[in-house]
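Each residue of the sequence shown is one higher than the last, beginning at 1 in the working numbering. Yeah, the Cβ is synthetic: ideal placement off N, Cα and C, and Gly gets one too. Values in this document were obtained by computation on a predicted structure and should not be read as measured data. First comes the structure, then the notes that go with it.
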Amino acid sequence: MGEAITPVRVKGVTIGEGAPKVFVPITGTTPGALREQVGALAGRTDLVEWRVDFFTTFADPGAVVAQAHSLAEQLDGVPLLATFRTAHEGGDAPIRDRDYADLNAALAESGAIDLVDVEYRRDPAAVERIIESAHSHSVAVVASNHDFDGTPERDDLVARMCAMQDLGADICKIAVMPTSTADVLTLLDATRVMHEEHASKPIITMSMGGLGVISRLAGQVFGSAATFGMVGTPSAPGQVDAAELRTVLDLLDRAR
Ligand SMILES: O=C1C[C@@](O)(C(=O)O)C[C@@H](O)[C@@H]1O
């Protein structure tokens, strides 16, 4: 068996302990659209993920930090994860390593966010700088990796999560695309092996698309500590409605 998992506590929400937590992504391109999306959440999520790559003025760190503060104020205690998903890993916009580091460090230092997503395969200096800024400002690091084209072998998936953990991640997240039901099982088995044999930090895993929906519903059984659901607009293929997701998560949690 692996070590004990160190849960992540943000504003009263604990990831890595108890029932799995739900993140709902918001993808608005303007302050007005984001305000509307947050308004529609109405208690239907544990945490919110702001997908900064969709924000039209993401190139201006001042505008991004101001927007983060206004989201935090509107969210009124619901924890906020800031994610710039780069085009390289299936996101909406390309960004240079230097700008990626500057933007995420500014967010981590802003006092407005609780968690920051770091694509662990970006430039090592950028990754190190973001993790350092986050940890010196009590912001939890969600290291991530995405494969929108396929599902790597089980041991490769496990090795990626171990690498995230070694880099200092507080949470390790991996999202892959299945082309067969065997791929979905590969992702779930990697989740199991990581959770049972290697993890000292909570992990979040998902197999995307329609075939992978089962992993978003039942990931907890294999060791995934959280999942992503949608309110209105999905940020990745296969996300299901957050309220329906919650019903299934609770059902499975009660059965354990
Ligand atoms: O990493 C993830 C997971 C995700 O890709 C999903 O498949 O639900 C959605 C993204 O917004 C998030 O950053």
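Element boundaries [beta strand (DSSP E), containing residue i]
i      : result
SER207 : 203-207
SER144 : 140-147
LEU80  : 80-83
VAL231 : Segment: none, VAL231 is in no beta strand (DSSP E) and carries neither H nor E.
ARG9   : 8-10
ALA112 : Element bounds for ALA112: n/a, residue is neither H nor E.
Same chain, Cβ closer than 8 Å to residue i, neighbours up to 5 away in sequence not counted
i      : result
VAL141 : LEU115, VAL116, VAL118, ILE130, ILE131, ALA134, HIS135, GLY168, ALA169, ASP170 and ILE171
ALA40  : VAL231 and GLY232
heavy atom of ligand 1 below 7 Å from residue i C-beta
i      : result
LYS173 : yes
GLU49  : yes
GLN239 : yes
MET164 : no
THR83  : yes
PRO25  : yes
MET208 : yes
HIS195 : no
HIS88  : no
PHE228 : yes
SER235 : yes
SER136 : no
SER133 : no
SER215 : no
SER224 : no
ASP114 : no
HIS146 : yes
ASP117 : yes
Same chain, Cβ closer than 7 Å to residue i, neighbours up to 5 away in sequence not counted
i      : result
ILE5   : GLY16, ALA199, SER200, LYS201 and PRO202
LYS11  : GLY77, PRO79 and ASP114
ALA105 : ARG129, ILE130 and SER133
ARG192 : PHE222 and GLY223
VAL139 : ALA108, ILE113, ASP114, LEU115 and VAL116
Distance between beta carbons of residue j and residue i, contact taken as under 8 Å
i      : j      : result
ALA19  : ASP253 : 4 Å
SER207 : THR247 : Contact doesn't hold; Cβ gap of about 20 Å is too wide.
THR227 : GLY238 : Not confirmed; about 11 Å, so no contact.
VAL65  : ALA112 : 7 Å
LEU103 : PHE58  : 7 Å
Alpha helix (DSSP H) segment containing residue i, residue limits
i      : result
ASP117 : Note, ASP117: premise wrong, no alpha helix (DSSP H); beta strand (DSSP E) at 115-119.
ARG35  : 31-41
LEU187 : 181-193
LEU245 : 242-255
GLN214 : The amino acid at residue 214 is misidentified as Gln; the sequence shows Ile. Segment 213-222, the alpha helix (DSSP H) holding ILE214.
Beta-carbon proximity list for residue i, same chain, < 6 Å, skipping 5 on both sides
i      : result
SER235 : PRO25, THR27 and ARG51
HIS137 : ALA108 and GLU109
MET194 : VAL158, MET161 and ILE203
GLY14  : According to the sequence shown, residue 14 is Thr rather than Gly. Cβ within range, chain order: PRO7.
THR83  : GLU49, ARG51 and ASP117
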